[in-house]
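Sequence lines, in order, name chains U and D. Here the working numbering runs 2 ahead of the position in the first sequence, where the first position is 1. Here the working numbering runs 1002 ahead of the position in the second sequence, where the first position is 1. Here a beta-carbon is modelled for each residue, glycine too, at the ideal position from N, C-alpha and C. Here the structure is a predicted model, which means the values were calculated and not measured. Some notes on the structure that comes next.
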Amino acid sequence: NAGVTQTPKFRVLKTGQSMTLLCAQDMNHEYMYWYRQDPGMGLRLIHYSVGEGTTAKGEVPDGYNVSRLKKQNFLLGLESAAPSQTSVYFCASRDNTEAFFGQGTRLTVV
Amino acid sequence: DQQVKQNSPSLSVQEGRISILNCDYTNSMFDYFLWYKKYPAEGPTFLISISSIKDKNEDGRFTVFLNKSAKHLSLHIVPSQPGDSAVYFCAARSLINTNAGKSTFGDGTTLTVKP
């Protein structure tokens, strides 16, 4: 039982490059979320999805796009990476109560 | 406006003693509260939760207390063990409001349990 899997675990990007972070869950959850965590701060919601084919903005959506073409996958895209997007990114999916998190993706933009 | 606050960035306790982690919230629409634990280089994992219809929920060594009038909750760990050393996040959300179950997280408290 893999739970929530994020790919990749680490990545270094140059300013202006693009990339996609993949989140996959095998628990058949409707809700999926992308968060970022910066030092000394909590988890801030970037985008979320309430079901296949739906996405919505969270509290810090600028510079990111998402897609949920399949129920089990939630993709986070950076079209033109900026140093301010250096962070640890967590994906989560949720049942009726708790959220299940992936192991995180550490992204550095230089 | 930070709606969920954990005012203590860090806490250090001796093994076997009680750890008390605190969390305050401002949004009166929040009616479901969760605690997550996070080890370095791992994602957060769910620890314990409480609904606003209760004032206490217990699971083994972990107890969460909710004081709705004060908009305050606390996590008690008794007895504390070195393996409890981690960052603890408080989270809150509204079960009723149509906000897709989005949780708002505090900034976390780093707990260190000394042997």
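Beta bridge counterpart(s) of residue i as assigned by DSSP
i	result
Arg96 of chain U	U:Tyr33 and U:Ala101
Thr113 of chain U	The structure shown does not extend to residue 113 of chain U, since chain U is modelled only from 3 through 112, so no value can be given for it.
Thr1111 of chain D	D:Tyr1090
Gly79 of chain U	U:Thr22 and U:Asn67
Arg1095 of chain D	D:Tyr1034
Inter-residue Cα distance where the pair is residue i and residue j
i	j	result
Ala84 of chain U	Thr17 of chain U	5 Å
Gly1110 of chain D	Gln8 of chain U	22 Å
Thr1106 of chain D	Asn75 of chain U	23 Å
Tyr1027 of chain D	Ala1094 of chain D	8 Å
Tyr1034 of chain D	Glu61 of chain U	20 Å
Ser20 of chain U	Leu80 of chain U	5 Å
Asn1024 of chain D	Asn1069 of chain D	11 Å
His1074 of chain D	Gln1005 of chain D	12 Å
Val90 of chain U	Val68 of chain U	17 Å
Pro1042 of chain D	Lys11 of chain U	13 Å
Lys59 of chain U	His49 of chain U	5 Å
Ser1076 of chain D	Val6 of chain U	28 Å
Trp1037 of chain D	Gln27 of chain U	22 Å
Thr22 of chain U	Leu77 of chain U	7 Å
Ser1030 of chain D	Asn1059 of chain D	20 Å
Pro41 of chain U	Thr1112 of chain D	12 Å
Lys72 of chain U	Lys1056 of chain D	37 Å
Per-residue burial, residue i [other beta carbons within 10 Å of its own, 16 or more giving buried]
i	result
Pro1046 of chain D	buried
Ser1021 of chain D	buried
Ile1098 of chain D	exposed
| said: Three or more C-beta pairs under 8 Å: does that hold for the region 1076-1087 of chain D against the region 1013-1027 of chain D? | reply: yes
| query | With contact counted as at least three CB pairs below 8 Å, one residue from each stretch, are the region 1060-1074 of chain D and the region 1004-1013 of chain D in contact? | reply | no
| said: Please list, in chain order, the residues of the region 1043-1058 of chain D that have any C-beta partner in chain U closer than 8 Å. | reply: Ala1043, Glu1044, Gly1045, Pro1046, Thr1047, Phe1048 and Ser1051
| said: By the 9 Å beta-carbon criterion, what residues does the region 97-110 of chain U contribute toward chain D? | reply: Asn98, Thr99, Glu100, Ala101, Phe102, Phe103, Gly104, Gln105, Gly106 and Arg108
| message | Output needed in chain order: residues of the region 37-51 of chain U with a Cβ under 7 Å from some Cβ in chain D. | response | Gly42, Met43, Gly44, Leu45, Leu47 and Tyr50
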